[in-house]
């Protein structure tokens, strides 16, 4: 079965997360993705100032740490690697030759980087008129903030996301896992797929200017309309909910084990009472209606915690779901990898990597019935495909390749 | 700039939840005709959720518990490219929504299902809410204070990430249809969308037998947190702990030469002191002043924007991010626009429809019902 993006060639200049994730989604569905990397060794995850040893097999960096980072290997499966120095004229020439035979270029640098390389959209368009370029800087390609650097959760703050999360009555709270990069990558891929359709209809390429901040603000459009309707700044409400009760996170037996329970209707409340064995307190007037339960939420939470803390989180989840109550265990990373539901759906994948070993990863959440994603290639070693790309795709001979190496244009 | 690219696509949206509605909204704004199917008697509730999620859509009412309604639905499906729905398998069988029978009359149909846990597997009929999928996708375990109870996200993040994956899945299925002429099912699970939105969480157990836990983001060798300013909060991520920048920001030359903070390894031993210094001094500075100065120094920093800040933000205004929509029920308001500015593709914005607003257009002009038949259907509560 032909994958949807077979025949599309993508150059991935992405660093860290947002750019590489965008290219990963295209790679999983058949695009040929070539990472053009610097020769200095993937500083994103192997910078000595910020290195996270838990991200390496057995916490050992090894002699080639850039090939052993878990995050890198996770975000770059199914891709090829070409090491070029884009500040070197000969390196630039190779890059332009590659653009001439490609369909899409993705970068998430601040805007001045591609301009400084002399490789901005105008230049690439002259090389390949119907090229599609996705640029995804923190705040977009124009405006006052254009050159301000950003990182996932600082962009989330400016985009209005941080302000909404926190314990009641306290300062805002940063999320544990940043989702800003993911939102930006997904908006980027969405626009790329529209641009590919547009190119099929009109033969023209284009430049996509994606502000990561604007991407994030688009997911709180509802809250911003609420503000305009009510003129009230949103309140942080911790684990409560304005119209569900009980709604919270409850301790279970075992170390750091929890469940989330969210009761939206009287039927679900009755289901919860039944699952708990209809203890007497559930008949008290202060818990008899939603309004009452919202008012006495703290007391209600205490009763529920007393019940959950004797049970395992999975057991509470299964029992409450059996009774029609929305409830979920708070899974940690290991529990997700071992989760039977995810396994049965083929979400957890296993990929052997020559320098990092055989490991399990999250697969793609895009499950297509007829043209499913394929996972066969591990993340590339740094510069692994230099020879094959230069020779087979760009028709360089050995002498020309050696000259590039001599000029320090190729790693 | 040409017309909106997806203008030849016809889409039906049924019980899609926030995630499916967001997916359909982006399709509509890129030009597709999205018809939202609503129960007869639905009233426009004026909620911010409907106002935002239903822009650029059409609405018809239809009763899917009535034979004639089901007949109308099947006729609509036979002339549609994509059905976006949010029913789990047991809800589907309740209303007789069966993928095989739908595709029998329309083999080119793409069915995009967005549910808590997907169409297969032991959890497929589990109930979900934004908090429940945030928990089961592994994100809630990481949010909150290290010693405290895990904390829910203040927004429905699982819904929006899933909505975007649903959009991508739908367009990939349409790409595949260009090649092989057939539709297919796109099965999106919110739990999986969140589980795929991690760094470290799933690789640590595999690579080094470690567990990432609250407060979540690892590996910082410099202060990285929210600090209270004169008028709100800033998010300082001084990864390289540029002490010279702090000395400039606080106008304290002595900080730049303070040996406790100069070298990375020394700084790690004096983190508390550094944090106290920042806490004590930054309270006197406005949040946007900190952000602006950090930007000049290329330090990574954000200010915590409130809705009022956002709606007047100079960067957003300069880039014309907001789109003004005049909705009959609310008057003019600013809506978040399309974040991806495409140089060649237009996008559409118009206010959310009232339930049934497009009944006549779809039932009479498209399906050929007469005015009398339309009235009759209303009387029989079919629409």
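Protein chains in written order, with the numbering used here: chain G, 575 to 985; chain R, 21 to 403. Here a beta-carbon is modelled for each residue, glycine too, at the ideal position from N, C-alpha and C. Since the model is a prediction, treat every value here as computed from it, not as a measurement.
Backbone CA spacing between residue i and residue j [nearest angstrom]
| i | j | result |
| --- | --- | --- |
| residue 241(R) | residue 288(R) | With a pLDDT of 47 at residue 241(R), under the threshold of 50, the predicted position of this residue should be treated as unreliable, though the coordinate-derived value follows. Those two C-alpha atoms are separated by around 6 Å. |
| residue 818(G) | residue 857(G) | 18 Å |
| residue 404(R) | residue 728(G) | The structure shown does not extend to residue 404(R), since chain R is modelled only from 21 to 403, so the question has no answer here. |
| residue 345(R) | residue 801(G) | 15 Å |
| residue 377(R) | residue 398(R) | 13 Å |
| residue 140(R) | residue 663(G) | 53 Å |
| residue 82(R) | residue 109(R) | 21 Å |
| residue 980(G) | residue 667(G) | 15 Å |
| residue 618(G) | residue 628(G) | 15 Å |
| residue 949(G) | residue 599(G) | 11 Å |
| residue 224(R) | residue 669(G) | 35 Å |
| residue 720(G) | residue 320(R) | 13 Å |
| residue 159(R) | residue 889(G) | 20 Å |
| residue 770(G) | residue 966(G) | 25 Å |
| residue 92(R) | residue 707(G) | 43 Å |
| residue 47(R) | residue 25(R) | 10 Å |
Beta bridge counterpart(s) of residue i as assigned by DSSP
| i | result |
| --- | --- |
| residue 246(R) | 255(R) |
| residue 205(R) | 131(R) |
| residue 322(R) | 255(R) |
| residue 583(G) | 606(G) |
| residue 825(G) | 832(G) |
| residue 78(R) | 55(R) |
| residue 780(G) | 706(G) |
| residue 155(R) | BP columns for residue 155(R) are empty, so no partner. |
| residue 103(R) | 32(R) and 131(R) |
| residue 342(R) | 356(R) |
| residue 678(G) | 584(G) and 706(G) |
| residue 902(G) | 834(G) |
| residue 658(G) | 984(G) |
| residue 926(G) | 932(G) |
| residue 762(G) | Paired residue(s): none; residue 762(G) is not in a bridge. |
Same chain, Cβ closer than 6 Å to residue i, five either side skipped, listed in chain order
| i | result |
| --- | --- |
| residue 648(G) | 935 |
| residue 587(G) | 610 and 681 |
| residue 148(R) | 136 |
| residue 176(R) | 38 and 150 |
| residue 732(G) | 787 |
| residue 583(G) | 606, 676 and 677 |
| residue 973(G) | none |
| residue 575(G) | 945 |
Contacting residues, own chain, Cβ-Cβ under 8 Å from residue i (five flanking each side not counted)
| i | result |
| --- | --- |
| residue 886(G) | 826, 827, 828 and 831 |
| residue 275(R) | 263, 266, 267, 281 and 297 |
Within 7 Å, strictly: CB atoms of residue i and residue j
| i | j | result |
| --- | --- | --- |
| residue 31(R) | residue 54(R) | yes |
| residue 227(R) | residue 928(G) | no |
| residue 327(R) | residue 658(G) | no |
| residue 313(R) | residue 323(R) | no |
| residue 897(G) | residue 142(R) | no |
| residue 192(R) | residue 578(G) | yes |
| residue 104(R) | residue 119(R) | no |
| residue 180(R) | residue 782(G) | no |
| residue 779(G) | residue 704(G) | yes |
| residue 777(G) | residue 754(G) | no |
Cβ-heavy atom distance, residue i to the ligand ZN, below 6 Å
| i | result |
| --- | --- |
| residue 282(R) | In terms of ligand content, the structure shown is empty, and the ligand ZN therefore cannot be addressed. |
Neighbourhood of residue i by C-beta, 7 Å cutoff - its chain only, sequence neighbours within 5 removed
| i | result |
| --- | --- |
| residue 862(G) | none |
| residue 811(G) | 742 |
| residue 845(G) | 897, 898 and 899 |
| residue 739(G) | 746, 747, 749 and 810 |
Inset, instruction - Could you please tell me which residues of the region 779-805 of chain G, in chain order, have their CB closer than 7 Å to any CB of chain R? - result: 780, 781, 782, 783, 784, 785, 788, 789, 791, 792, 793, 794, 795, 796, 797, 798, 799, 800, 801, 802 and 803
Inset, instruction - Pull out every residue of the region 939-953 of chain G whose Cβ sits closer than 8 Å to any Cβ of chain R, in chain order. - result: 939, 940, 941, 942, 943, 944 and 945
Inset, instruction - Mind checking the region 581-595 of chain G against chain R and listing, in chain order, the residues whose C-beta falls within less than 8 Å of any C-beta there? - result: 591
Inset, instruction - Could you list the residues in the region 343-360 of chain R with a C-beta less than 9 Å from some C-beta on chain G, going in chain order? - result: 350, 353, 354, 355, 356, 357, 358, 359 and 360
Legend entry - Contacting positions in the region 24-36 of chain R - beta carbon closer than 8 Å to chain G: 25 and 26
Inset, instruction - Pull out every residue of the region 632-658 of chain G whose Cβ sits closer than 7 Å to any Cβ of chain R, in chain order. - result: 632, 633, 644, 645 and 648
Inset, instruction - Residues of the region 363-374 of chain R with a CB closer than 7 Å to any CB of chain G: list them in chain order, please. - result: 363, 364 and 365
Inset, instruction - Could you run through the region 200-223 of chain R and flag, in chain order, every residue whose CB is less than 9 Å away from some CB of chain G? - result: 200, 202, 203, 204, 205, 206, 207, 208, 209, 210, 211, 212, 213, 214, 215, 216, 217, 218, 219, 220, 221, 222 and 223
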